[in-house]
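S.K.: Chains as they are written, first to last, in this note's numbering: chain A, 7 to 262; chain B, 2 to 317; chain C, 13 to 215.
We put the beta carbon where it would ideally sit given N, CA and C, even for glycine.
What follows is the structure, encoded as C-alpha cells:
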C-alpha cells in the first residue's frame, strides 16, 4: 500500500525561537484515517500546516514531508496544495468570499477551470455536504455548522487526495457534530484529523498518534491508545466516555 | 465629517473626485508593485476594523459624541498607500451600503479622509517620530498627528462647502474647525491608546511599512502634490485668516486697498465680531495655534503615563 | 447579529429586485445627479422624483416601517449639516431645499442598498474594470464587517461589565485598548486568511 503521507524527523521553530516540533516521524497509508491528539500547544496545528506546505520557512532544510511520495519543497508546493485539502480550525478564516458560491468556486477558479466546470464542481460539492441551493447565501448569515460544511465543500471542490482537518467539531453543536461525522465517514479520501473531540477520533480514526511538546509519544490503533488511561492523563487528555463503559467488566480487569 | 449628497456643487465634486482618483491610482500602483501578497488580505481586514472602530462613540463636551475617523491609525498600521486604499474602501461601503456620506460627495470625502488624513497623518507621524524617538515619542507622534489631521480634514471640509456656495467660509471654518479641535482630542487619545495597546502585544505591527526609502519617495511626492493642489483649491481662496487685519495694515501703510481674492459667496453677515479678537475666523485660527501647542504638551504627559519607566516595574 | 439589517431585504423577490444590478446602480446615480443638480424652484421636478422613489419602494416589497426607520435614523445627520446654510441671505430657503434634496438622496441610497446584494454590486464594479485590488479589499471588508462589529460589541459589553468604578479615565483607557486589540485581532486574522487562500491555490 502506498504511503499517502510521510513525515520524517520534522523539526520546526517558532519565530520567537521556541521549538514547536522536535523530530516528528509518522506515515499515513492511503485510505487510512489518522487521528492526531494531544494537549494544547503540543504542535498539532503546526504539523497540519506542514502537510500542506504552508510553512515556507522549512523549505530550506532537506525535505521532511512527503505527499504521495513527492517531497514538499518550494518548487512542488503548488502541486501539493492540489493534493492536500486543509480545513482550518476557524471557518471564518477560510470562508472569505462574499457569497457561498464564490467561496466554493475559489479553489477551482484558481486552478483555471472554465466557468461551466467551476459551476458543476460547486454544485457537486455543495450537494455532497448537504447544502444544495446555498450558493447565494452570505457567510455571515450562516450557522457554525453550515459554515464548517461550506468550508468542507470548498476543499472538496479542489478534489484533493488527502483531507487534513484541524479541530473540525470545535464550533459545532451536537447536531452539527453528528452531521459532520456522517459526512466524513462517507468520504473515502485519506484523512488526518487533529481534534480534542476524542469521541470523534474514536469513531472515525483507525489509528492515532499522541503529540506532546513537539514529539510523538504514542502511535497505534485508536482504541488501544485512547483506552490507555495513564497515557491519556499523562498528556493532558482523558479516556473518552464511550470507552469507560465499553466493557464494564473488561475495564475493571484492565484489558479490552 | 462625511459630507452627504447635495451639499457640494458640481465643480467641487468633480475637482475633488479627480484628485482622489489620481491619489488612489498612485496608491494602487504602488501596492501592485511593492506590496507583498500576504498583506493583501490585511487591507480588507483593516478596512473592516476601521469601520467597526468608527462605531465606538465617545462623549465630547455638552452631550454630543464624536467618533473615531481612524485615517491616521490606518496609516500607522498599513503605511500611506495601504491606508489610502483601506480608508477609501471604508468610505465607499459607507456611502453605498449605509448612506453615510454621499456617493457624489465621495470624491471630497476620499480626498479629505483617505488621502489627506492618512498620508498627511503618516508624514507627520514619521516626522515627529524622528524628532522624538522611542516608544514615548511614537505615542506623542500618534496622538498629535491624529489630532491635527482631524482639524485639517475639517478645514478642508469647510473649504469645500464654501467653494460650493452651500455656506460661507466665515461660518463653515469656525464651525468645523472649533468643533473638530474638540473631537480631535478624542481621536488623538484613542489613537494613542490603541497604538500603545498594539505595541504591548504585537510591536512588529508598528514597524515602518513604507518600504525602502527609494521606493517610497515617488508615491509620497505624488500624494504631497495632490494634497497641496487640494489645499490650493479648497482652502487658499479663503486662507487669508485675518482679512481685516491685513486690510488695516495695508491702509496704515498707505497702500491702496486691494481686493483679496473674492470669496465665493458674499456673506451679508460678515464675520462675527468677537470683542477683542476681531473676526471669528481669526479667533478660530488663533485657537488652532494655541490648541496645537496644548495638544502637543498634553500628548507628552499621556505618553509618559502610558509608557512607564521600565525600572519601575511592569507597565500598566 | 443586529447589524445584518443591511442585507436583510436585499434578496427578496420583487420586480425591483429582479432588475439587473448594473441598471439599478446606474439608475441610482442618475437619480442622485438629478436631485442634486435640478433647481428646486420648479417643484414638479423634485416632486416627480419623490413620487418615483415611493413607487419603487412600494414595488420592492421592503417593509415600509424598515425604510422609515432607516430614514429617521439618518435624517438628523443631514439636517445637522444643513444647519450651516442658515447663516446667509435666503438662508431658510436654502436650508429647506438642502434638507429636501438630501432626504431624497438618502432614500435613493437606502433603496439601492436593500434591493441589491452587495456581492452583486461588486460584480458590477468588476465588470466596469474597477482595479482588482480595490474590489478584493471591498469584498473582504464586506465579508468581515459584521464579524468585526460583533467583536467590537462583545468587547464593549465586557468593558461595561468590568467598569465597576465609573471613572472617565478608566473607560477611555479601555476604549483605546479595545481599539488596539481589535486591530491586532484583525491583523492576525488577515494572516490566517492569507494561509487559507494559499492552501486553495492562490498565488
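Would you list the one or two residues that DSSP bridges to residue 197(A)?
M.R.: Locating residue 197(A) in the first chain gives position 191, counting from the first residue. BP columns for residue 197(A) point to 39(A) and 169(A).
S.K.: Less than 7 Å between CB atoms is the rule here; does residue 251(A) satisfy it with respect to chain C?
M.R.: For this step, residue 251(A) is matched to residue 245 along the first chain. Under the 7 Å criterion on CB atoms, residue 251(A) is classed as non-interfacial with respect to chain C.
S.K.: Whose C-alpha, out of 101(B), 195(B) and 16(B), is nearest the C-alpha of residue 142(B)?
M.R.: As a working mapping, residue 142(B) is identified with position 141 in the second chain. Nearest of 101(B), 195(B) and 16(B) to residue 142(B), Cα basis: 195(B).
S.K.: Quick one: list the residues of chain A neighbouring residue 214(C), beta-carbon separation under 7 Å, in chain order.
M.R.: Within the third chain, residue 214(C) is the residue found at index 202, counting from 1. Chain A residues near residue 214(C): 116.
S.K.: Under 9 Å between beta-carbons, which chain C residues line up against residue 88(A)? List them in chain order, please.
M.R.: Within the first chain, the letter at position 82 stands for residue 88(A). Going along chain C in sequence order, the residues near residue 88(A) (Cβ under 9 Å) are 213.
S.K.: Compute the Euclidean distance between the alpha carbons of residue 87(A) and residue 80(A), then round it to the nearest angstrom.
M.R.: Translated into the one-based positions of the first chain, residue 87(A) becomes position 81. Translated into the one-based positions of the first chain, residue 80(A) becomes position 74. Taking the straight line joining both Cα atoms gives about 12 Å.
S.K.: So what does residue 13(A) bridge to, in DSSP terms?
M.R.: Here residue 13(A) refers to the residue found at position 7 when the first chain is read from its first residue. DSSP, once it has assigned bridges, lists 32(A) and 71(A) as partnering residue 13(A).
S.K.: For residue 62(A), count neighbouring Cβ atoms within 10 angstroms of its own Cβ and tell me buried if that reaches 16, exposed if not.
M.R.: Against the first chain, residue 62(A) aligns to sequence position 56. Exposed, because fewer than 16 other Cβ atoms sit within 10 Å of the Cβ of residue 62(A).
S.K.: Under the DSSP definition of a beta bridge, which residues are partnered with residue 224(A)?
M.R.: In the first chain, residue 224(A) corresponds to position 218, counting from 1. Residue pairing by DSSP places residue 224(A) opposite 216(A) in a beta bridge.
S.K.: Would you grab the beta carbon distance between residue 106(B) and residue 239(B) for me? Rounded to a whole angstrom, and I think it's under 8 Å.
M.R.: Here residue 106(B) is taken as the residue at index 105 of the second chain, counted from 1. Here residue 239(B) is taken as the residue at index 238 of the second chain, counted from 1. The beta carbons of residue 106(B) and residue 239(B) sit about 19 Å from each other, so the pair does not count as a contact at 8 Å.
S.K.: Determine the direct distance from the alpha carbon of residue 189(C) to that of residue 257(B), and round the result to whole angstroms.
M.R.: Position 256 of the second chain holds residue 257(B). Position 177 of the third chain holds residue 189(C). With a pLDDT of 38 at residue 257(B), under the threshold of 50, the modelled position of that residue is not reliable, and the figure given next carries that caveat. Whole-angstrom Cα-Cα distance: 58 Å.
S.K.: Establish whether the CB of residue 175(B) and some CB of chain C are separated by less than 7 Å.
M.R.: Numbered from 1 along the second chain, position 174 holds the residue referred to as residue 175(B). So no, residue 175(B) is outside the interface.
S.K.: Do residue 246(A) and residue 208(A) come within 7 Å of each other at the CB atom, strictly closer than that value?
M.R.: Start at 1 with the first residue of the first chain, and residue 208(A) comes out as number 202. Start at 1 with the first residue of the first chain, and residue 246(A) comes out as number 240. Contact: yes.
S.K.: What residue range is occupied by the uninterrupted alpha helix (DSSP H) comprising residue 113(A)?
M.R.: Counting from one through the first chain, the residue named residue 113(A) turns up at place 107. Residues 106-116.
S.K.: Which ranges would you report for the alpha helix (DSSP H) in the region 82-126 of chain B if only whole runs of at least 4 residues count?
M.R.: 107-110
S.K.: Any idea if residue 100(C) is buried or exposed, counting beta-carbon neighbours within 10 angstroms, 16 or more meaning buried?
M.R.: To locate residue 100(C), count along the third chain from 1; it is residue 88. With 16 or more Cβ atoms within 10 Å of its Cβ, residue 100(C) is classed as buried.
S.K.: Tell me the residue span of the beta strand (DSSP E) that contains residue 189(B).
M.R.: In the second chain, residue 189(B) corresponds to position 188, counting from 1. Premise fails: residue 189(B) lies in the alpha helix (DSSP H), 170-202, not in any beta strand (DSSP E).
S.K.: Does the CB of residue 42(B) have a neighbour CB from chain C at under 7 Å?
M.R.: Taking the first residue of the second chain as 1, we reach residue 42(B) at position 41. Yes, because at least one Cβ of chain C sits closer than 7 Å to the Cβ of residue 42(B).
S.K.: Would DSSP call residue 101(A) helix, strand or coil?
M.R.: As a working mapping, residue 101(A) is identified with position 95 in the first chain. Three-state result, residue 101(A): coil.
S.K.: Going by DSSP, which residues form a beta bridge with residue 25(A)?
M.R.: Residue 25(A) sits at position 19 when you count from the first residue of the first chain. Paired residues: 19(A).
S.K.: Just the C-alpha distance for residue 238(A) and residue 202(A), rounded to the nearest angstrom, thanks.
M.R.: To locate residue 238(A), count along the first chain from 1; it is residue 232. To locate residue 202(A), count along the first chain from 1; it is residue 196. Approximately 12 Å between the Cα atoms of the pair.
S.K.: Just to confirm, are residue 90(A) and residue 140(A) a CB contact at a threshold of 7 Å?
M.R.: Position 84 of the first chain holds residue 90(A). Position 134 of the first chain holds residue 140(A). Not in contact: residue 90(A) and residue 140(A) (Cβ atoms no closer than 7 Å).
S.K.: Anything in chain B within Cβ reach of residue 156(C), meaning under 8 Å, just list it in chain order.
M.R.: Walking along the third chain from the start, residue 156(C) turns up at place 144. Near residue 156(C) (Cβ distances below 8 Å), the residues of chain B are 45, 46 and 49.
S.K.: So with Cβ pairs under 7 Å, would you call residue 79(B) a contact of chain C?
M.R.: By one-based count along the second chain, residue 79(B) stands at place 78. No, no contact with chain C.
S.K.: In three-state DSSP terms, what is residue 144(A)?
M.R.: Mapped onto the first chain, residue 144(A) falls at position 138. DSSP places residue 144(A) in coil when its eight states are reduced to three.
S.K.: With a cut-off of 7 Å, does the C-beta of residue 176(A) fall near any C-beta of chain C?
M.R.: Position 170 of the first chain, counted from the first residue, corresponds to residue 176(A). Taking 7 Å as the CB threshold, residue 176(A) stays off the interface with chain C.
S.K.: When DSSP labels each residue in this structure, what does residue 133(A) get in the three-state scheme?
M.R.: In the first chain, the residue the question calls residue 133(A) occupies position 127. DSSP places residue 133(A) in the helix class (H, G or I) of the three-state scheme.
S.K.: In chain B, which residues lie with their C-beta within 9 Å of the C-beta of residue 184(C)?
M.R.: On the third chain, position 172 is the one that residue 184(C) refers to. Residues of chain B passing the Cβ test: 59, 187, 190, 191 and 194.
S.K.: Return the chain-ordered list of same chain residues with a C-beta closer than 8 Å to the C-beta of residue 308(B), the five sequence neighbours on each side being excluded.
M.R.: Counted from its first residue, the second chain places residue 308(B) at position 307. Here the set comprises 136, 137, 140, 197 and 316.
S.K.: Is residue 234(A) close to chain C? Criterion is C-beta to C-beta, closer than 7 Å.
M.R.: As a first step, residue 234(A) is located in the first chain; it is residue number 228 there, counting from the start. Cβ-Cβ to chain C under 7 Å: no for residue 234(A).
S.K.: Would you mind stating whether residue 191(B) and residue 69(B) have Cβ atoms separated by less than 7 Å?
M.R.: Reading the second chain from its first residue, position 190 is the one you call residue 191(B). Reading the second chain from its first residue, position 68 is the one you call residue 69(B). Taking 7 Å as the Cβ cut-off, residue 191(B) and residue 69(B) qualify as a contacting pair.
S.K.: Look up residue 7(B) in the DSSP assignment and say whether it is helix, strand or coil.
M.R.: Position 6 of the second chain holds residue 7(B). Three-state DSSP puts residue 7(B) in coil, outside helix and strand.
S.K.: How long is the line joining the alpha carbons of residue 153(A) and residue 98(A), rounded to whole angstroms?
M.R.: Along the first chain, read from residue 1 onward, the residue named residue 153(A) stands at position 147. Along the first chain, read from residue 1 onward, the residue named residue 98(A) stands at position 92. The straight-line gap from Cα to Cα measures roughly 8 Å.
S.K.: Interface residues of chain C around residue 95(B) at Cβ under 7 Å?
M.R.: Here residue 95(B) refers to the residue found at position 94 when the second chain is read from its first residue. Ordered by position in chain C, no residue passes the 7 Å Cβ test against residue 95(B), which lies about 10 Å from the chain.
S.K.: Check the Cβ of residue 142(A) against every Cβ in chain C and list those closer than 9 Å, keeping chain order.
M.R.: Against the first chain, residue 142(A) aligns to sequence position 136. What residue 142(A) touches in chain C: 23, 129 and 131.
S.K.: Look up residue 68(B) in the DSSP assignment and say whether it is helix, strand or coil.
M.R.: Within the second chain, residue 68(B) is the residue found at index 67, counting from 1. In the structure shown, residue 68(B) sits in a strand (DSSP, three-state: E or B).
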